[in-house]
Amino acid sequence: MASLKANPLKRKHTTLTLETKLKLLSEVDNMGKTQTKKEIAEKYGIPANTLSTILKNREKLEKMASTSSVNLGKKRMRPSKVEDVDEGLLTWFKQARALGAPINGPILIEKAGELGKELGINFVPCSGWLGRFKRRHGIVFKAVNGEAASVDMSTVDTWRGSALQQLLQNYNADDIFNADETGVFYKCLPDKTLDFKGNVCTGGKKAKDRLTVLVAANMSGSEKLPLLIVGKSAKPRCFNNTKKLPVEYAANKKAWMTSDMFISWLQKLDRKLLLQGRSVAMIVDNCPAHPSVDNLKAIKLVFLPPNTTSILQPCDQGIINSFKRNYRKAVVQRYLVHIDTGCPATFNISVLEALYLMKKAWDDISTSAIANCFRHAGFYSQEESSETESETSQEDRDLVSLFDRLKGVVPVDGTLGAFLYID
Numbered sequence: 001m002a003s004l005k006a007n008p009l010k011r012k013h014t015t016l017t018l019e020t021k022l023k024l025l026s027e028v029d030n031m032g033k034t035q036t037k038k039e040i041a042e043k044y045g046i047p048a049n050t051l052s053t054i055l056k057n058r059e060k061l062e063k064m065a066s067t068s069s070v071n072l073g074k075k076r077m078r079p080s081k082v083e084d085v086d087e088g089l090l091t092w093f094k095q096a097r098a099l100g101a102p103i104n105g106p107i108l109i110e111k112a113g114e115l116g117k118e119l120g121i122n123f124v125p126c127s128g129w130l131g132r133f134k135r136r137h138g139i140v141f142k143a144v145n146g147e148a149a150s151v152d153m154s155t156v157d158t159w160r161g162s163a164l165q166q167l168l169q170n171y172n173a174d175d176i177f178n179a180d181e182t183g184v185f186y187k188c189l190p191d192k193t194l195d196f197k198g199n200v201c202t203g204g205k206k207a208k209d210r211l212t213v214l215v216a217a218n219m220s221g222s223e224k225l226p227l228l229i230v231g232k233s234a235k236p237r238c239f240n241n242t243k244k245l246p247v248e249y250a251a252n253k254k255a256w257m258t259s260d261m262f263i264s265w266l267q268k269l270d271r272k273l274l275l276q277g278r279s280v281a282m283i284v285d286n287c288p289a290h291p292s293v294d295n296l297k298a299i300k301l302v303f304l305p306p307n308t309t310s311i312l313q314p315c316d317q318g319i320i321n322s323f324k325r326n327y328r329k330a331v332v333q334r335y336l337v338h339i340d341t342g343c344p345a346t347f348n349i350s351v352l353e354a355l356y357l358m359k360k361a362w363d364d365i366s367t368s369a370i371a372n373c374f375r376h377a378g379f380y381s382q383e384e385s386s387e388t389e390s391e392t393s394q395e396d397r398d399l400v401s402l403f404d405r406l407k408g409v410v411p412v413d414g415t416l417g418a419f420l421y422i423d
């Protein structure tokens, strides 16, 4: 009878968790002179070739661990989109810094969360993830000082004394325009201000209630261009049976202005001005949504120097604030009507209603208010006086009165200022 050969003992297959693999990598990095990789492999019950594979995949494993959405106890790491978040965030960070924008940890965490949502993953970045992201890419946050991220006044003075003076010589006040975008939480009420703030800081869950508004007006204040408003939905249900909207409307999934939208808006305006036989200068900031546009016939596109818009951009000197103040006033007025009828809980503002209210808010800004904002930004010739006219704001007093009335009938969180400038 032939003897049976005993089967050799099979090596027990050991599968390590991600957490264990990270500990193993750390141990390899810190092993002493007398210790070998083979000994470390035996300690963890894996063959030497498995250890080699883990070392080879070090970067991938560390990226997997860089997000709190990955379970460190998982044994199999299937391909994920976490690496895409990492790469996308790094690209965005480089672009933001190139524009002179100061970026801190909370901003990076919020942007990473937005990218995760776009990629359809349950990504919840935290401080631990942020630290690993910074180490991977050699990012160091430094205290902002000097002129690194503040307005460079020498650049402001140079632009005002040279480029701006040239514009004022070549164009009259009716033909010098400034355009800029701003975000508006169109449903925001005074008793919901803190709720909006919290949601914005924790991932922008209320982004669906946000519209982006492009405003543009000329230096004399005599011409306010129709608003361009960007929403999330191309055809909201409230648009049904509406033949014509009160403003220009565009849409993308984040309700943000895109370079394509800006180009389309500018080219359409260029054709209109060309038919009118006009030649104008359009001043904008140099954000990524504002690319250079070729072949414009009636518009000269002028870019403000980086990191100077808080001083040089007329829209930032009060035009946008006036628009938002008028809009908030209209929202409070409508809300008070609902309260007076005994049904405040049913109050809602549709996108279509918001468009009408925003058009009126824009129309109600006075010619002199816009002219003063241009003047405050330094848009006057060297021979002219820099003094601006002081206006008594009946609108401000009306809004304060409305806000005080509202506080008397419903709980209101925060101040009037917090409500006006929530976005």
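Sequence positions in the sequence shown follow UniProt numbering and run 1 to 423. From the three backbone atoms N, C-alpha and C, an ideal C-beta is built for every residue, glycine too.
Apart from the five residues just before and just after L266, which ones in its own chain have a Cβ nearer than 8 Å to its Cβ? M282, V293, L296, I299 and L301
8 Å Cβ cutoff met for N307 and D152: yes
Let me know the secondary structure DSSP gives K187 once reduced to three states. Three-state DSSP puts K187 in coil, outside helix and strand.
So what does DSSP say about L16, is it helix, strand or coil? Collapsing the DSSP output to three states places L16 in coil.
Measuring CB atoms only, is the stretch 223-238 touching the stretch 361-369, in the sense that at least three cross pairs come out at less than 8 Å? In short, these stretches touch, since the Cβ pair count reaches three.
Take the Cβ of I320 as the centre, count every other Cβ of all protein chains shown within 10 Å, and call the residue buried at 16 or more, exposed below. buried
With DSSP as the reference, please indicate the residues paired to R210 in a beta bridge. Answer by DSSP bridge pairing, in chain order: F185.
Have a look at L24, P291 and L312 and flag the residue whose alpha-carbon is nearest the alpha-carbon of N178. L312
Quick one: what does DSSP say A179 is sitting in, helix, strand or coil? strand
Inter-residue spacing [alpha-carbon to alpha-carbon] between L24 and E62: 12 Å
Would you call S322 buried or exposed, if buried means 16 or more other Cβ atoms sit within 10 Å of its Cβ? buried
Do you know how far the Cα of Q166 is from the Cα of E83? 48 Å
Assign D29 to buried or exposed, taking buried as 16 or more other Cβ atoms, counted over all protein chains shown, within 10 Å of its Cβ. exposed
Have a look at P236, D174, L336 and K360 and flag the residue whose alpha-carbon is nearest the alpha-carbon of R278. Of P236, D174, L336 and K360, the residue nearest in Cα terms is D174.
Nearest neighbour of R325, chosen from F374, G105, S350 and C188 [CA to CA]: Of the candidates F374, G105, S350 and C188, the one whose C-alpha sits nearest the C-alpha of R325 is C188.
Using a 10 Å radius around the Cβ and a threshold of 16 neighbouring Cβ atoms, would you call A48 buried or exposed? exposed
Under a Cβ-count criterion, where at least 16 other Cβ atoms within 10 Å of its own Cβ denotes burial, should C373 be classed as buried or exposed? With 16 or more Cβ atoms within 10 Å of its Cβ, C373 is classed as buried.
By the DSSP assignment, the alpha helix (DSSP H) with Y335 in it spans what residues? Residue range I319 to D340 is occupied by the alpha helix (DSSP H) that includes Y335.
By how many angstroms is the C-alpha of T309 removed from the C-alpha of K235? So the alpha carbons of these two residues sit roughly 34 Å apart.
Using the three-state DSSP reduction, which class does K300 fall into: helix, strand or coil? strand
If you draw a straight line from the alpha carbon of M31 to that of K37, how long is it in whole angstroms? 8 Å
Exposed or buried, K21, counting other C-beta atoms within 10 Å across all chains shown (16 or more means buried)? buried
Rounded separation between K134 and N286 - CA only: 27 Å
Taking H290 as the reference, give the member of A354, C315, A250 and D260 with the closest Cα. Of the listed residues, the one whose Cα sits closest to H290 is D260.
At a Cβ threshold of 8 Å, is N122 touching chain D? No chain D is part of this structure, which consists of one protein chain only.
Could you tell me the alpha carbon to alpha carbon distance between P314 and W159, rounded to whole angstroms? 14 Å
Spatial neighbours of L90 within its chain, please: C-beta separation below 7 Å, excluding the five flanking residues on both sides. The answer, listed in chain order, is H137.
Pairwise C-alpha distance: Y327 and I229: 14 Å
Taking DSSP as the reference, what is the three-state secondary structure of A377? DSSP places A377 outside both helix and strand once states are collapsed to three, so it counts as coil.
Can you pull the DSSP bridge partners for A255? DSSP, once it has assigned bridges, lists no residue as partnering A255.
Considering only the alpha carbon of each residue, which of R210, T242 and N170 lies closest to A255? Ranking the options by Cα distance to A255, first place goes to R210.
Using the three-state DSSP reduction, which class does L266 fall into: helix, strand or coil? In this structure, L266 counts as helix in the three-state DSSP scheme.
Express the C-alpha separation of W129 and G318 in angstroms, rounding to a whole number. Cα to Cα, G318 sits roughly 39 Å from W129.
Return the Cβ separation of W362 and V215 in integer angstroms, given the expectation that the two are a contact with Cβ distance under 8 Å. That belief holds up - the Cβ atoms of W362 and V215 are roughly 7 Å apart, short of 8 Å.
When we look at the beta-carbon of V351 and count the other beta-carbons within 10 Å, is it buried (16 or more) or exposed? buried
What do you get for G45, buried or exposed, if any count of 16 or more other CB atoms within 10 angstroms of its CB means buried? exposed
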